[in-house]
Structure formats: structure tokens, C-alpha cells
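Undergrad: In the numbering used here, the protein residues as written are 4 to 232.
All C-beta atoms in this analysis are idealised placements derived from N, C-alpha and C, irrespective of residue type, glycine included.
Can you keep this structure in mind? I'll have questions shortly.
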């Protein structure tokens with residue numbers, strides 16, 4: 004019996020308005036950076052995959068994002084970092100993905116508890132509030148405040164606890180096969196990944212209805228670049 008739905012943020016509920024490489028290139032140009040957006044984008048992805056001691060999004064995430072901005076642009080100018088960090092805290096840098104608002108409205112109307120669970124720093128609640136999404140869920144849980152990141156099982160267990168449900172009573176929706184699918188499955192949740200069995204949010208209420216009737220869902224999908232400072 005499904006009583007709650009957990010949802011990833013970047014790449015699931017919201018996406019960047021423009022590629023990160025384009026944003027970085029524009030923000031970095033006044034600081035003398037001449038790297039092409041495509042190269043910046045490649046370096047951004049590499050920096051996001053680089054080994055990191057402990058959770059990347061610890062607290063406000065500045066230490067991690069300072070590293071990423073410098074690696075991507077080739078500039079460690081503090082003013083450039085602050086410009087990039089401030090840009091991606093704004094609602095204008097993000098768009099709510101198609102079907103999200105209608106799906107959240109339908110899920111809430113059916114009596115389900117809803118939470119956002121994201122590997123994000125402590126800017127997330129403010130960004131989602133500015134996008135009008137915070138009021139549509141019961142909890143916004145970010146790893147920066149939690150101190151642990153997906154795919155760690157504790158991230159899912161704590162969020163389920165905040166909603167007052169057991170892991171097996173929750174469905175997690177995301178776009179990353181490791182952080183979302185593998186992590187949620189290991190924690191005992193039902194899993195649905197966007198981009199494969201769940202093609203979009205229009206189908207989410209029906210999928211949840213199927214689970215509530217007792218059928219089991221266990222899907223995998225493909226992740227993509229979706230987060231930025």
C-alpha cells in the first residue's frame with residue numbers, strides 16, 4: 004500500500020533553463036574566461052564525477068561548488084564563483100518540468116504524503132519556494148541539511164520517517180539509476196525512474212494507483228546532467 008511519494012529535484016521536478024556550460028560561459032566572460040560553452044560543459048560533468056571526501060552538498064555547498072566552478076571555467080576568481088552560486092539559487096535559472104504541477108495536485112488530492120529528497124545544498128528550499136513547488140509538498144529534504152546523500156539508505160529512511168510512513172509504503176521518483184533507483188531499492192522503497200517506464204509526470208498518478216492496488220514496480224533508467232551551483 005503506497006502512502007507517500009518521494010521525488011528528486013533536479014532532472015525530475017525541475018531542470019535548468021539552459022545548459023550549464025552556456026550559463027557558466029556567459030557568467031565567466033566578464034572575468035576574462037574564453038572557454039567555449041561546450042568545453043565548460045564537459046569539464047563541469049567531469050568535476051561533478053570527481054572523487055570528493057564525504058557528502059558534496061554539505062551545508063551551503065560552497066566548498067564543493069567553488070571546486071566545480073573553478074574546474075569548469077579555469078578561473079578561481081571568488082567574484083565569478085559568487086556570480087555562479089547566486090545565479091543557480093534563483094528561480095529564473097530553473098523551469099518546472101511539464102506535468103509536475105498537475106501530478107503533485109492529483110497525488111495530494113488522493114491523500115498521499117509528498118516529499119522532495121534531493122542531493123542539493125541548503126539553497127534548495129528557497130529555490131523551490133520561488134518556483135511555487137514547496138507549497139505543493141509536505142517536506143523538502145536536502146542532503147546539505149541532512150548530512151547524508153543518496154544513494155545512502157539513511158537519506159530515504161529519514162525522509163520516510165518525516166512523512167510518518169514505512170519505506171515499503173513509499174515510492175521514490177527520480178532520474179538517476181544509482182542515487183535514485185539503487186538507493187531507494189536498497190532502502191526498501193518502490194522505485195520509478197523517469198526516462199524509461201515512467202515517461203513523464205502525466206503518468207505518475209496512474210502508476211501510483213497501480214501500486215496502491217498491490218502491484219510491484221521496479222524500474223531502472225538513465226540519469227543526466229541536471230544540477231549546478
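#1: Helix, strand or coil for residue 20 per DSSP?
#2: Answer yes if the region 128-135 comes into contact with the region 160-171, meaning at least three C-beta pairs across the two stretches below 8 Å, and no otherwise.
#3: Count the other CB atoms within 10 Å of the CB of residue 3; is the residue buried (16 or more) or exposed (fewer)?
#4: Output needed for residue 93: all residues of its chain with C-beta closer than 8 Å, excluding positions within five of it in sequence on either side, in chain order.
#5: Do you know offhand how far residue 207's Cα is from residue 43's?
#6: Pull up the DSSP beta-bridge partners for residue 177, would you.
#7: State the beta-bridge partners of residue 245 as determined by DSSP.
#8: If you reduce the DSSP assignment to three classes, tell me which class residue 110 lands in.
#9: Are residue 98 and residue 5 touching if we call contact CB-CB under 8 Å?
#10: With H, G and I counted as helix, E and B as strand and the rest as coil, what does DSSP make of residue 136?
#11: DSSP three-state label for residue 143, please.
#12: When the Cβ atoms of the region 195-214 are set against those of the region 134-149, are three or more pairs found closer than 8 Å?
#13: Flag this pair as yes or no: are the beta carbons of residue 175 and residue 157 separated by less than 8 Å?
#14: Could you check whether residue 84 and residue 72 sit closer than 8 Å to each other, using their CB atoms as the reference points?
#15: In the DSSP output, which residue or residues are listed as bridge partners for residue 201?
#16: Can you give the beta carbon distance from residue 232 to residue 189, rounded, assuming they're within the 8 Å contact cut?
#17: Return yes when the Cβ of residue 118 is within less than 8 Å of the Cβ of residue 7, no when it is not.
#18: On a CA-only basis, which of 216, 122 and 68 is nearest residue 260? Give me that one, please.
TA: With the structure as the only source:
#1: Walking along the chain shown from the start, residue 20 turns up at place 17. Three-state result, residue 20: coil.
#2: no
#3: Beyond the ends of the chain as shown, which are 4 and 232, falls residue 3; an answer cannot be given.
#4: Taking the chain shown and counting its residues from 1, one reaches residue 93 at position 90. Taken in chain order, the residues that qualify are 130 and 133.
#5: Mapped onto the chain shown, residue 207 falls at position 204. Mapped onto the chain shown, residue 43 falls at position 40. So the alpha carbons of these two residues sit roughly 35 Å apart.
#6: Here the question's residue 177 lines up with position 174 in the chain shown. Per DSSP, 196.
#7: What is shown of the chain runs 4 to 232, which leaves residue 245 out entirely.
#8: Stepping through the chain shown from its first residue, residue 110 is reached at position 107. Residue 110: helix per DSSP, three-state reduction.
#9: Translated into the one-based positions of the chain shown, residue 98 becomes position 95. Translated into the one-based positions of the chain shown, residue 5 becomes position 2. Not a contact, by the Cβ cut-off of 8 Å.
#10: Along the chain shown, one-based indexing puts residue 136 at 133. Coil.
#11: Taking the first residue of the chain shown as 1, we reach residue 143 at position 140. Residue state, collapsed to three classes: strand.
#12: no
#13: Here residue 175 is taken as the residue at index 172 of the chain shown, counted from 1. Here residue 157 is taken as the residue at index 154 of the chain shown, counted from 1. Cβ distance not < 8 Å, so residue 175 and residue 157 don't count as in contact.
#14: For this step, residue 72 is matched to residue 69 along the chain shown. For this step, residue 84 is matched to residue 81 along the chain shown. In this structure, residue 84 lies closer than 8 Å to residue 72 by Cβ.
#15: Here residue 201 refers to the residue found at position 198 when the chain shown is read from its first residue. Paired residues: 197.
#16: Working through the chain shown from its first residue, we reach residue 232 at position 229. Working through the chain shown from its first residue, we reach residue 189 at position 186. At roughly 28 Å, the Cβ-Cβ gap does not stay under 8 Å, so residue 232 and residue 189 are not in contact.
#17: For the purposes of this step, residue 7 is taken as residue 4 along the chain shown, with counting starting at 1. For the purposes of this step, residue 118 is taken as residue 115 along the chain shown, with counting starting at 1. At a Cβ-Cβ threshold of 8 Å, residue 7 and residue 118 count as neighbours.
#18: With the chain running from 4 to 232 in the structure shown, residue 260 is simply not present.
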